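Step one of this worksheet: look at the structure below.
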Amino acid sequence: MNPQKMTFLYKFTLPAMFGIIISCSPTKFSSVTNVATLCDSTDTSCAVNQSYATIIKNFKIGSGKIDILFVNDNSASMSSIQTEIANRFSGFIQNLDAKKIDYKIAVTTTDVPAVTANKLTVFGNGKTSLTNVDSDRVSLFRSAIQRNETLACETFIVSMFNTYGLNFQSQSDYAAGYPTQCPSPDTRGIYTANYVLSKNSDSFLRSDANLSVILISNDDVRQGRYLTDSAYALDPMDTAQNFTTMMNQNYRTKYWDFNSIIVKDSSCQQQQVLKNAQGQVIVGSSGQPAVKGGIGQEYANLSNAATIDINNNPRPRGQTLDICQSNYAQYFNAMATQISDASRQMTLKCKPTEAPNVVKTSAGTAAVPFVWDGNDKITFQLGTEGTPVTVSYRCLAGAL
0 MNPQKMTFLY KFTLPAMFGI IISCSPTKFS SVTNVATLCD STDTSCAVNQ
50 SYATIIKNFK IGSGKIDILF VNDNSASMSS IQTEIANRFS GFIQNLDAKK
100 IDYKIAVTTT DVPAVTANKL TVFGNGKTSL TNVDSDRVSL FRSAIQRNET
150 LACETFIVSM FNTYGLNFQS QSDYAAGYPT QCPSPDTRGI YTANYVLSKN
200 SDSFLRSDAN LSVILISNDD VRQGRYLTDS AYALDPMDTA QNFTTMMNQN
250 YRTKYWDFNS IIVKDSSCQQ QQVLKNAQGQ VIVGSSGQPA VKGGIGQEYA
300 NLSNAATIDI NNNPRPRGQT LDICQSNYAQ YFNAMATQIS DASRQMTLKC
350 KPTEAPNVVK TSAGTAAVPF VWDGNDKITF QLGTEGTPVT VSYRCLAGAL
């Protein structure tokens, strides 16, 4: 048994009360405690006496904080997929709401020029993130994920093809209209996620929340052209390895996932073409599809990277899901379950001098097992979700 980890069982008799959660925080321990930031309104009780700080926190197991970033491919051929994602989103929200998850949702795209200019997508209510207090959050998300520029670009390309045929891409009308009608065709979802998160754009990330990135794209990074064309070589910010390094450096203690809804095989890839109303594939002068997708290899590399779960068991960084599976409800259900499971972990505000004390806030004598990592995290056992507990711990002033 790891001497740094201890499992505890407690019997409980305290009266019932409702609990809330705190979760992961990229805390750095220093020699002097900032008492002003240590105690705040989220604590049930917090007191500093002499050289110790005593904190009491109500916590409902499995109802943690999660920041969810959707990275939405807004290039041509994605409009039908965006519609399917939007239509299934309400079930995802209902699942999180049922588990009392404290979520914050933001959207960005795979278009680097647009993201570096505007970072996060602005929802219809003027905000850059949605929470469970936004009553119209489902409709706001639907409008944000179904990109006007994606549909406008597809309409433009189809119109040019219907008018000029195979040579439509060589027309001056096409050359003049494409930059104004279409987003960048150079899809770079890891780069944009890296950019937004490394800068914590619009203060999206909360220090005490887990993170789940959900990328949706029917192409590889830079359309896979980095494999054969040096002009499309990957920038370090495009790579799975660099993204992981950035997260480890900027958010050392944050628990995070990267889920990819992507093209996984050649059969699915062949379906990622643009068609007109008559069902004709839009092709260029070469006879090849003018708009096509690709296998999302670099995204899969990131989602499949090895890490550990909250119980220190091996796991992939996220799920790698088939974009050609039109019933996205099962994906959202799986991700909601994944989010809830990670919410069994609680991050403390400082490193306690001894094991935290946990008592069940409702009447009863059932034990609630947990593991303390000897530092600032405690993890509750699978199956205890929904149990309100009160966690108390004491830290040396200067341990924060």
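Numbering that gives the first Met the number 0 puts the first residue of the sequence shown at 0, with every later residue one more than the last.
By construction, the Cβ of each residue, glycine as well, lies at the ideal position given by its N, Cα and C atoms.
Small disclaimer: the values here were computed from a predicted structure and weren't measured.
Per DSSP, residue i forms a beta bridge with which residues?
| i | result |
| --- | --- |
| I215 | N71, I260 |
| P288 | V282 |
| P313 | I307 |
| N249 | Looking at the DSSP assignment, N249 forms no beta bridge with any residue, so it has no partner. |
| M345 | I377 |
| N275 | Partner(s): none; N275 has no beta bridge. |
| Y51 | N48, L395 |
| T360 | BP columns for T360 are empty, so no partner. |
I need the boundaries of the alpha helix (DSSP H) containing residue i, first residue and last residue.
| i | result |
| --- | --- |
| V157 | 147-163 |
| L301 | 296-302 |
| T127 | From DSSP, T127 is part of no alpha helix (DSSP H); its letter is neither H nor E. |
| R141 | 136-144 |
| G403 | Residue 403 lies beyond the stretch modelled for the chain, which goes from 0 to 399, so this question has no answer here. |
| S197 | 188-197 |
| Q269 | Here Q269 belongs to no alpha helix (DSSP H), and DSSP marks it neither H nor E. |
If you draw a straight line from the alpha carbon of residue i to that of residue j, how long is it in whole angstroms?
| i | j | result |
| --- | --- | --- |
| A192 | Q49 | 44 Å |
| N217 | R205 | 30 Å |
| A174 | C181 | 11 Å |
| D39 | A85 | 37 Å |
| F28 | C349 | In this predicted model, F28 has a pLDDT of only 36, less than 50, meaning its place in the structure is not dependable enough to derive any value. |
| W255 | K103 | 14 Å |
| T336 | S342 | 10 Å |
| F379 | G286 | 59 Å |
| T227 | R221 | 11 Å |
| I189 | R316 | 14 Å |
| L37 | D207 | 13 Å |
| I19 | Q248 | Here the model assigns I19 a pLDDT of 30, short of 50, so the residue's position is not dependable and the matter cannot be decided. |
| M77 | G63 | 32 Å |
| S266 | S202 | 40 Å |
| R314 | T306 | 5 Å |
| C394 | N374 | 11 Å |
| T82 | S229 | 34 Å |
| T238 | E297 | 7 Å |
| L68 | I338 | 13 Å |
| G283 | S183 | 19 Å |
| S79 | E148 | 13 Å |
| A276 | S74 | 19 Å |
| F122 | F167 | 35 Å |
| I55 | V358 | 11 Å |
| G385 | G61 | 6 Å |
| S361 | G382 | 17 Å |
| L129 | S142 | 13 Å |
| K126 | V132 | 13 Å |
| Y163 | D172 | 10 Å |
| Q93 | Q329 | 13 Å |
| A304 | N326 | 26 Å |
| V106 | N117 | 11 Å |
| P235 | N241 | 6 Å |
| D135 | E353 | 45 Å |
| L233 | G295 | 14 Å |
| T179 | C152 | 9 Å |
| K98 | P112 | 37 Å |
| L139 | G90 | 15 Å |
Just reading off the beta strand (DSSP E) that residue i is part of, what are its end residues?
| i | result |
| --- | --- |
| S44 | 44-48 |
Helix, strand or coil: which one does DSSP assign to residue i?
| i | result |
| --- | --- |
| P112 | helix |
| A85 | helix |
| D321 | strand |
| L210 | strand |
| D234 | coil |
| A354 | coil |
| D39 | coil |
| S30 | Only weak support is given to the placement of S30: the predicted model assigns it a pLDDT of 33, under 50, and the value that follows is read from those uncertain coordinates. Coil at S30, not helix or strand. |
| R393 | strand |
| I65 | strand |
| F58 | strand |
| I104 | strand |
| P182 | coil |
| V121 | coil |
| L481 | Residue 481 cannot be examined here, being either before or after the span of the chain that is shown, 0 to 399. |
| V388 | strand |
| S24 | The predicted position of S24 is uncertain, since its pLDDT is 34 and thus under 50; a value taken from the coordinates is nonetheless stated next. Correct three-state label for S24: coil. |
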